[in-house]
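Engineer:
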Amino acid sequence: MKDGPPYFSANTKAPDMNKKPKQRRKRTLKSILRRRMVSGLLVIIPVGLTIFILRFLYQLTAGQLTPLMRPLFRTLPDYVVPAASIILLLILTYGIGLVARVFIGRKLIGLLETVLENIPMVKTVYGASKQVVQTLSLQDDASQFKSIVIIDFPRPGMKAFAFVTGKIYFRDAETGALRQHYRVFVPTTPNPTSGYLEFVPADEVEPCGISTEDAVKSIISAGLVMPEFIGPPLPHAPRKHPKQRSG
Numbered sequence: 005m006k007d008g009p010p011y012f013s014a015n016t017k018a019p020d021m022n023k024k025p026k027q028r029r030k031r032t033l034k035s036i037l038r039r040r041m042v043s044g045l046l047v048i049i050p051v052g053l054t055i056f057i058l059r060f061l062y063q064l065t066a067g068q069l070t071p072l073m074r075p076l077f078r079t080l081p082d083y084v085v086p087a088a089s090i091i092l093l094l095i096l097t098y099g100i101g102l103v104a105r106v107f108i109g110r111k112l113i114g115l116l117e118t119v120l121e122n123i124p125m126v127k128t129v130y131g132a133s134k135q136v137v138q139t140l141s142l143q144d145d146a147s148q149f150k151s152i153v154i155i156d157f158p159r160p161g162m163k164a165f166a167f168v169t170g171k172i173y174f175r176d177a178e179t180g181a182l183r184q185h186y187r188v189f190v191p192t193t194p195n196p197t198s199g200y201l202e203f204v205p206a207d208e209v210e211p212c213g214i215s216t217e218d219a220v221k222s223i224i225s226a227g228l229v230m231p232e233f234i235g236p237p238l239p240h241a242p243r244k245h246p247k248q249r250s251g
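In the working numbering, the protein residues as written are 5 to 251.
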C-alpha cells in the first residue's frame, strides 16, 4: 500500500477558481441590463401615453371639426386644417364657458344635465366623465384654498392632508371664551372632489411645507407621487451620526 495523503486520487480535479467570478459577472451584467431596461421603460411609457392621450383628445374634439374645415382651406397646406380646427375649438370652448357663467346659461346647462342624468347608460358615462374633469380641474381650483396643512384624521396619530378654507370661532360652554378653529376640507383619494368638512382647533393644525399642487398630486395618485419630506423646514439640517463598527 502506497504512502500518501488520505483520500487523494490522481483523478481528483482542482476546483475551478474562475467559476465564481464568472457567475458574479453574469449576475452583474443581468442586473445592469434590467436597470437599463426599466429606465428606458420609465421614459418611453409616459411619453407614449401622453402622445396617445393627446391624439385621442384631438380626434374626440378638434378632429370632429376637421371635415367641416377642410373645404374652407383647400388651397392651403394640410397642416393648416388641424391648426384651424384647434383654434376654432378653443373659441367655442371659451364661448360656452362664458355663457355658462351667466344666469340664463347656468339654467340651460342645468336643464341639459337633468335630461342627461335621466337617460339610462348616458347618465353613467356623463357622470363618470364629469367627475374625471372635475378631479383634473381641482389642481387649478386648489389655488382658491388658503393653504394646505396636516391634521390628525380620522383619529389621533394618523395624519391627513387638509385644505384650509377659513377661520371660525367656537364659544367655550364653561368659560364663555372664544376659541379659534380652522375650517378645513379633508379630501378623499383618488377622487379629491369629495371629502369631509372639519373644524380643527388652531393649535392642532400643522404646517405642511409643500405646495397645494404637490398635495393634490399626492392625493390623486393615492400616495404614489409624494414629496420626500412633509412638514415645516428645520432650522438646520440634522447631523448624520457615524455608523458604529462591530468588533
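C-beta: ideal position from N, C-alpha, C; glycine also.
Under the rule that 16 or more other beta-carbon atoms within 10 Å means buried, what is Ser222, buried or exposed?
Structural biologist: Position 218 of the sequence shown, counting from 1, holds the residue named residue 222. Counting Cβ neighbours within 10 Å, Ser222 comes out buried, since at least 16 surround it.
Engineer: Under 8 Å, do Glu217 and Ile155 count as touching if we go by C-beta distance?
Structural biologist: Along the sequence shown, read from residue 1 onward, the residue named residue 217 stands at position 213. Along the sequence shown, read from residue 1 onward, the residue named residue 155 stands at position 151. For Glu217 and Ile155, no; Cβs fall outside 8 Å.
Engineer: Here's the rule I'm using: 16 or more other beta-carbon atoms within 10 Å means buried, otherwise exposed. How should Val229 be labelled?
Structural biologist: Taking the sequence shown and counting its residues from 1, one reaches residue 229 at position 225. Flag for Val229 reads exposed.
Engineer: Classify Pro196: buried if its beta carbon has 16 or more other beta carbons within 10 angstroms, exposed otherwise.
Structural biologist: Taking the first residue of the sequence shown as 1, we reach residue 196 at position 192. Buried, because 16 or more other Cβ atoms sit within 10 Å of the Cβ of Pro196.
Engineer: Assuming Pro86 contacts Thr70 (C-beta within less than 8 Å), just tell me the rounded distance between them.
Structural biologist: As a first step, residue 86 must be located in the sequence shown, where it is residue number 82. As a first step, residue 70 must be located in the sequence shown, where it is residue number 66. Going by Cβ atoms, the distance from Pro86 to Thr70 rounds to 6 Å, so yes, they are a contact pair.
Engineer: Near Arg175, what residues of its chain come up, given a Cβ to Cβ distance below 6 Å and the 5 sequence neighbours on each side ignored?
Structural biologist: Within the sequence shown, numbered from 1, the residue matching residue 175 stands at position 171. Cβ within range, chain order: Leu182.
Engineer: Straight-line CA distance for Phe233 to Pro211?
Structural biologist: Numbered from its first residue, the sequence shown carries residue 233 at position 229. Numbered from its first residue, the sequence shown carries residue 211 at position 207. About 12 Å.
Engineer: Using a Cβ-Cβ cutoff of less than 8 Å, which residues in the same chain neighbour Ile90 once the five nearest sequence positions on both sides are dropped?
Structural biologist: Here residue 90 corresponds to residue number 86 of the sequence shown, with the count starting at 1. Contacts found: Tyr62 and Ala66.
Engineer: Relative to the ligand GDP, is the shortest distance from any of its heavy atoms to the C-beta of Gly213 smaller than 7 Å?
Structural biologist: Among the ligands in the structure shown, none appear at all, so the ligand GDP cannot be discussed.
Engineer: Whose CA, out of Pro191, Ala206 and Thr169, lies closest to the CA of His185?
Structural biologist: For the purposes of this step, residue 185 is identified with residue 181 of the sequence shown, where counting begins at 1. Per the Cα distances, Ala206.
Engineer: Relative to the C-alpha of Val188, which candidate in Ile113, Phe60, Thr32 and Ile152 has its C-alpha closest?
Structural biologist: Taking the first residue of the sequence shown as position 1, residue 188 is located at position 184. Selected option, being the one with the closest Cα: Ile152.
Engineer: Along the beta strand (DSSP E) that carries Thr169, what are the first and last residues, could you check?
Structural biologist: Within the sequence shown, the letter at position 165 stands for residue 169. Counting along the chain, the beta strand (DSSP E) containing Thr169 begins and ends at Lys163 to Arg175.
Engineer: Rounded to the nearest angstrom, what separates Val84 and Tyr173 at their Cα positions?
Structural biologist: Along the sequence shown, one-based indexing puts residue 84 at 80. Along the sequence shown, one-based indexing puts residue 173 at 169. Cα-Cα distance, rounded: 59 Å.
Engineer: Within 10 angstroms of its Cβ, does Ile4 collect 16 or more other Cβ (buried), or is it exposed?
Structural biologist: In this structure the chain extends from 5 to 251, so residue 4 is not present and cannot be described.
Engineer: Check for me: the alpha helix (DSSP H) holding Glu117 runs from which residue to which?
Structural biologist: Taking the sequence shown and counting its residues from 1, the one referred to as residue 117 is at position 113. First-last of the alpha helix (DSSP H) with Glu117: Phe107 to Leu120.
Engineer: If the criterion is Cβ atoms closer than 8 Å, does the pair Ala219 and Phe165 meet it?
Structural biologist: If you number the sequence shown from 1, residue 219 lands on position 215. If you number the sequence shown from 1, residue 165 lands on position 161. Their beta carbons are under 8 Å apart, which means Ala219 touches Phe165 by this criterion.
Engineer: Run through the DSSP bridge pairs and tell me what Gly52 is partnered with.
Structural biologist: Reading the sequence shown from its first residue, position 48 is the one you call residue 52. Answer is none; Gly52 lacks a bridge partner.
Engineer: Pick out the complete alpha helix (DSSP H) segments inside the region 200 to 226, 4 residues or longer, and give them in chain order.
Structural biologist: Within the region 200 to 226, the complete alpha helix (DSSP H) runs of at least 4 residues are 216 to 224.
Engineer: When the Cα of Phe168 is compared with those of Thr79, Leu201 and Phe157, which residue comes out closest?
Structural biologist: Walking along the sequence shown from the start, residue 168 turns up at place 164. Looking at the sequence shown, residue 168 is not Phe but Val. Of the candidates Thr79, Leu201 and Phe157, the one whose C-alpha sits nearest the C-alpha of Val168 is Leu201.
Engineer: At which residues does the alpha helix (DSSP H) containing Gly71 begin and terminate?
Structural biologist: As a working note, residue 71 is residue 67 in the sequence shown. Checking the displayed sequence, the identity of residue 71 turns out to be Pro instead of Gly. Here the alpha helix (DSSP H) through Pro71 covers Thr70 to Met73.
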